[in-house]
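When the letters of the sequence shown are read in order and numbered with my numbering, they come out as residues 2 to 415.
Everything below concerns the one structure shown next.
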Amino acid sequence: MKRTSRDIRTANRYEVLRQIIAASPTSRQELAAATGLSLATVATLVGELLDLRMITEVGFEDSAGGRPRGLVAVNASGGALIGVDIAETYVHVELFDLALNVLARADEDMRPGESRPEQVVGQVAAAVGSVVARAGVEAARVLGVGVSVPGQVDRDTGVAEYAPNWDWHDVPLLDLLAEHIAHPLYLDNPLRACAVAELWFGAARGRGDAVVVNLGTGVGAGLALGGGLHRGVSNSAGEWGHTTLVLDGRLCHCGNHGCVETYVGAPGIMQNLRELDPTSPLLHPGDQSATVDALARAVAAADPVALKVVRDTARYLGAGIADLVNLLNPEVVVLSSWVAARLGEPLLGEVRRAVARHALRRPLAATEIVLSPIPTDPVSLGAATFALEGALRSVGQRAAKRTAPARSRTAPPS
Ligand SMILES: [Zn+2]
């Protein structure tokens, strides 16, 4: 697809705001140097962001002998963003200010058998209402709500096309949510949420090509190539969790056998443990979260079974990540999501060793493998970033012919 001049302008707007959030306060000259854009382009984009009240003028700094330079900073209270992480076992919602500080959180547990679309929509609507009330934010200041749902999504129509864990097919999720939530809504999946979070605030910022490996109940790879999100022709790129790792291996819920996910997703890790020691006290049947926590604690106590499970899991993971390294030649591979966060450094060390056994030397030498440095839930942060990007995209659209961004028809009149 051809990149239009509007796409380029939007990407530049993202880049400038990203830099201001990272380095407030800053001058137009510093922004031009950091982004490689011309000073004139930066001045125009800064003007737009000032008009939007996303940033603010905060005084001047001396420039050796020259005219004092105007400084700008992110205007934290200039708006609020909401990120919704709908996972297989919970709904987690966070409300952020524009500096992406968390102002309020809400959690709803999702019990097995309570995952019908209407039930999930009810939980999301309740949690969104709760964070707005708790943060004490005026509804009109909420710029948007980003929603992440596992599986295949059509972000233009707001439809969750296929969520394998719940057997959802073609659920018009954003239309259902719009009946309860009167803010602009944006939909995508956790792979892209984690990738966007790393791109804006984490280990992929300023990197050319990055792979964000999402290790949760489901598994996938968010791809940030050439400094932007790679979606593929139908927003399905990155389904690495369903590439075949073991011929005729474990049955996957996608119908295939031997998928990466069946060995390194949380249920796969439980299976690795079960095969090693079926009666292990670390195993909490039916509770992925408790099992992964028990494993992490046992690894810290040098429990031999737990160490072996992490090593086995890392061997599968390393072989799969080596494929990504050989295929994409990325600058950084980021291990993200809750399983990676909880197994942490011990998993990272084993993964690095395993990747080194499988990857080609030249791409391997150029790749750094790290844990996500994002201290909060990367999925809800990434989902909120979709809302931020949506608000930035709409600047150009407002100026041009009025085409509705995402679900802005549901927004309150401004
Ligand atoms: Zn699969």
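Don't be surprised by glycine CBs; every beta carbon is placed ideally from N, CA and C.
Keep in mind the model is a prediction, meaning the values are calculated, not measured.
Element boundaries [alpha helix (DSSP H), containing residue i]
i, result
"I322", "305-329"
"A88", "No alpha helix (DSSP H) holds A88; DSSP gives it neither H nor E."
"I9", "6-23"
"T36", "29-36"
"V154", "Not the alpha helix (DSSP H): V154 falls in the beta strand (DSSP E), residues 153-155."
"A357", "339-359"
"D294", "289-301"
"V160", "No alpha helix (DSSP H) holds V160; the beta strand (DSSP E) holding it covers 160-164."
"P118", "118-136"
"L40", "40-52"
Candidates the options: closest to residue i by CA position
i, options, result
"D108", "G114, A126, L277", "A126"
"E162", "N236, L82, G80, V75", "N236"
"V371", "R362, P364, G345, R316", "G345"
"I182", "A196, V85, R362", "V85"
"G207", "Q20, P165, N273", "Q20"
"F97", "R298, G80, E369", "G80"
"Q30", "E62, S338, I56", "E62"
"T57", "L40, N76, A367, L252", "N76"
"A105", "I83, E115, L200, E89", "I83"
"A320", "C260, R251, L50, A33", "C260"
"V340", "V380, T368, L325, D324", "V380"
"E332", "A205, D378, Y264, L230", "A205"
"V352", "V265, R363, L393", "V265"
"A211", "G239, T218, V234", "G239"
"G229", "A100, V154, L200", "L200"
"M271", "V311, V73, L101", "V311"
"P364", "V43, D378, V326", "V326"
"H184", "E139, A194, F202", "E139"
"C195", "R394, P376, L248", "P376"
"V143", "T245, T158, L101", "L101"
"T244", "A267, H231, G219", "G219"
Residue i CB to nearest heavy atom of ligand 1 below 6 Å
i, result
"C253", "yes"
"H243", "yes"
"C260", "yes"
"N257", "yes"
Nearest-angstrom Cα separation, counted from residue j out to residue i
i, j, result
"R68", "L226", "39 Å"
"T386", "P279", "42 Å"
"V172", "E119", "10 Å"
"G152", "D168", "10 Å"
"V293", "L328", "30 Å"
"E17", "L389", "With the sequence shown as reference, residue 17 is identified as Val, and Glu is not the correct amino acid for it. Rounded to whole angstroms, V17 to L389 spans 13 Å at the Cα level."
"R301", "S28", "Inspection of the sequence shows that residue 301 is occupied by Ala rather than by Arg. The alpha-carbon atoms of A301 and S28 are separated by roughly 46 Å."
"S64", "V146", "40 Å"
"E262", "A315", "12 Å"
"P305", "N166", "32 Å"
"M55", "Q124", "30 Å"
"P347", "S6", "46 Å"
"A179", "V148", "12 Å"
"V396", "L361", "44 Å"
"K402", "G48", "Residue placement at K402 is poorly supported in this model, since its pLDDT is 41, which falls under 50; the coordinates still yield a value, given next. Those two C-alpha atoms are separated by around 21 Å."
"G250", "H258", "5 Å"
"G114", "L382", "27 Å"
"R408", "D176", "Annotation note: pLDDT 49 at R408 (below 50); position unreliable, coordinate value reported separately. Approximately 9 Å between the Cα atoms of the pair."
"A222", "V214", "4 Å"
"N1", "V150", "Outside the modelled stretch of the chain, which goes from 2 to 415, sits residue 1, for which no answer is possible."
"R10", "P282", "56 Å"
"Y317", "A384", "29 Å"
"A136", "A323", "43 Å"
"A134", "P26", "30 Å"
"S373", "F202", "10 Å"
"P191", "L284", "26 Å"
"E298", "E369", "With the sequence shown as reference, residue 298 is identified as Arg, and Glu is not the correct amino acid for it. Spanning the two alpha carbons is a distance of roughly 27 Å."
"G60", "V73", "8 Å"
Ligand 3 heavy atom lying under 6 Å from the CB of residue i
i, result
"N166", "You won't find ligand 3 in this model; what it holds is ligand 1."
Segment limits, beta strand (DSSP E) that includes residue i
i, result
"N169", "Reading the sequence as shown, one finds Trp at residue 169 and not Asn. First-last of the beta strand (DSSP E) with W169: 169-172."
"S235", "Premise fails: S235 is in no beta strand (DSSP E) and is neither H nor E."
"I270", "First-last for I270: 267-277, but that is the alpha helix (DSSP H), not the beta strand (DSSP E)."
"S149", "143-149"
Those residues which DSSP pairs with residue i across a bridge
i, result
"E95", "G84, R106"
"T57", "A74"
"L226", "G229"
"E369", "V333"
"D189", "S149"
"N215", "G221, S337"
"C260", "T245"
"L252", "H258"
"E62", "R70"
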